[in-house]
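Going by my numbering, the sequence shown opens with residue 219, and the numbers climb by one from there.
For every residue, glycine included, the Cβ atom is placed at its ideal position computed from N, Cα and C.
Keep in mind the model is a prediction, meaning the values are calculated, not measured.
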Amino acid sequence: MSPSESPARAPVPAARPLRTERLLLRPVRRGDLPAVTRLWTDPEVRRHLGGPVTEPVIRIRQRRIVGAPGFHAVTRAEDGVLLGLVTVQDGGRGGETEVSYQFLPEHWGHGYAREAVGAAVARALESTPSVVAVTQEANHRSRRLLEAVGLEHAESFVEWDAHQVLHRRRRDGRAA
219 MSPSESPARA PVPAARPLRT ERLLLRPVRR GDLPAVTRLW TDPEVRRHLG
269 GPVTEPVIRI RQRRIVGAPG FHAVTRAEDG VLLGLVTVQD GGRGGETEVS
319 YQFLPEHWGH GYAREAVGAA VARALESTPS VVAVTQEANH RSRRLLEAVG
369 LEHAESFVEW DAHQVLHRRR RDGRAA
């Protein structure tokens with residue numbers, strides 16, 4: 219499960235929007251809710267995240283995510299199309315800052331997730347000693363993305379009845 223699955227973790231305080239060569243990471247807006255809801259309900263997006271979210275949970279999340287600190291709508295800079303979400307939260311696993319992400323399937327394979335997650339991790343490391351991310355062992359695409367943005371495999375474990383891997387990147391460059 220991603221950090222956004224658990225309401226107990228505190229999001230990172232709001233920061234200025236984050237721009238990359240092709241993307242804008244900004245707070246979630248009310249108009250983003252249809253696309254964000256698709257992220258929560260699409261079986262392919264949710265394959266390694268416990269499956270589609272139920273309707274009661276969706277209603278709660280829709281009320282909480284708009285403008286919430288730490289939740290970033292990832293949009294294409296040229297046309298404003300919402301591609302996905304990147305979440306950066308303090309107090310994740312082991313008290314470390316944790317990053318998670320979900321992108322709509324029609325935007326997979328274009329490097330958008332790598333660009334957005336890499337930028338979010340780099341920004342987080344400006345103010346925290348390390349960043350972690352957890353994904354299912356079976357999610358090879360996500361594992362490759364995490365390694366591409368400099369996170370290294372740190373541990374493996376079973377949670378939610380599935381094999382998980384934790385990746386970590388430290389600001390000081392030490393091994394995970």
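**Prompt:** Does the separation of the CB atoms of A351 and L300 fall below 8 Å?
**Reply:** Taking the sequence shown and counting its residues from 1, the one referred to as residue 351 is at position 133. Taking the sequence shown and counting its residues from 1, the one referred to as residue 300 is at position 82. Not a contact, by the Cβ cut-off of 8 Å.
Q | Close Cβ partners of V271 (< 8 Å) along its chain, the five nearest in sequence each way excluded | A | The residue labelled residue 271 in the question sits at position 53 within the sequence shown. Contacts found: W258, T259, R264 and R279.
request  = Just mark R387 as buried or exposed, buried being the case when its beta carbon has 16 or more other beta carbons within 10 Å.
outcome  = Against the sequence shown, residue 387 aligns to sequence position 169. Buried: at least 16 other Cβ atoms inside 10 Å.
Please work out which residues of its chain come closer than 8 Å, Cβ to Cβ, to S348, disregarding the five sequence neighbours upstream and downstream, and give them in chain order. Along the sequence shown, one-based indexing puts residue 348 at 130. E314, T315, R386, R387, R388 and R389.
Could you pull the DSSP bridge partners for H432 from this structure? Residue 432 lies beyond the range of the chain shown here (219 to 394); nothing can be said about it.
Next on the checklist: Only counting the same chain, and skipping five residues up and downstream in sequence, which positions put a Cβ closer than 6 Å to that of F289?
Outcome noted: The residue given as residue 289 occupies position 71 in the sequence shown. Hits under 6 Å: V246, I283 and T305.
By Cβ distance, which residues of its chain are closer than 8 Å to G269, with the 5 residues on each side in sequence left out?
Working through the sequence shown from its first residue, we reach residue 269 at position 51. Same-chain partners within the cutoff: P261.
Residue closest to E273, alpha-carbon to alpha-carbon, out of R256, L242 and L267: Taking the sequence shown and counting its residues from 1, the one referred to as residue 273 is at position 55. Per the Cα distances, R256.
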